[in-house]
């Protein structure tokens with residue numbers, strides 16, 4: 001294992017510890033602050049604010065985090081890379097549609113906490129991991145740069161961001177949003193592998 005991989009894994013464990021602390025406080029009916037959530041699992045105040053600068057973002061993400069299926073469940077009944085990538089995209093769009101109020105609350109809190117030049121908590125990390133996992137299971141022939149572009153393009157075509165673009169901006173129904181997302185995934189994959197050849 002590389003140092004970068006170890007550091008990334010440790011960062012994810014710390015982040016999850018803070019989220020778990022927030023969920024614990026919520027289940028006990030206690031007020032959630034970044035410091036209190038971190039203290040539940042022995043994370044320092046200074047460290048906790050590197051992950052979450054605002055309690056409302058922490059609460060929203062803690063609530064949403066528990067409902068995400070593992071990769072294996074998302075890609076169940078798929079075989080080829082295209083169907084896996086499409087299943088991941090449709091899963092994250094459906095998750096946004098099914099939890100619309102919570103996702104919008106999370107986005108509002110994230111945008112309220114945003115300040116020009118500030119560092120913000122990265123969003124969408126779970127979908128990126130799933131896309132990378134799917135790519136790692138197939139011999140794609142893509143360069144590292146091409147794989148990164150593919151993951152970024154797929155990430156932009158799903159989840160809350162796609163829901164807002166398709167429903168709020170384009171006026172699509174949820175079914176039309178699903179159909180459009182599937183269309184975008186096919187187009188992105190076709191373009192990626194056309195350029196790779």
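Numbering (the UniProt record's numbering), first residue to last: 1 to 197.
In this text, a Cβ means the ideal position worked out from N, Cα and C, and glycines have one as well.
A check of alpha carbon separations from residue 98 across 146, 192, 177, 130 identifies 177 as the nearest. The Cβ atoms of residue 188 and residue 157 sit closer than 8 Å to each other. Looking at the backbone, the Cα of residue 19 and that of residue 150 are separated by about 29 Å.
Exclusion of the five residues before and after residue 185 leaves 85, 86, 89, 154, 157 as the residues of its chain whose Cβ lies within less than 7 Å of its Cβ. Looking at the backbone, the Cα of residue 39 and that of residue 190 are separated by about 48 Å. Within the region 156-196, the complete alpha helix (DSSP H) runs of at least 4 residues fall at 159-163, 174-196.
Taken through DSSP and simplified to helix, strand or coil, residue 6 comes out as helix. About 7 Å separates the Cβ atoms of residue 134 and residue 75, confirming a contact at the 8 Å cut-off. Burial is judged here by how many other beta carbons sit within 10 angstroms of a residue's own beta carbon; residue 61 has at least 16 and is buried. Each residue's CA atom was taken as its position, placing residue 167 and residue 173 some 6 Å apart. Secondary structure note for residue 45: its alpha helix (DSSP H) is the uninterrupted segment 45-51. A direct Cα-Cα distance of roughly 29 Å separates residue 11 from residue 163.
Nearest neighbour of residue 148 by Cα position, chosen from 129, 26, 45, turns out to be 129.
In this structure, residue 96 keeps its C-beta atom at 8 Å or more from the C-beta atom of residue 26. Our two residues, residue 111 and residue 54, have alpha carbons roughly 11 Å apart in a direct line.
CA-CA distance, residue 81 to residue 13, rounds to 29 Å. Relative to the Cα of residue 192, the nearest Cα in the group 140, 171, 170 belongs to 140.
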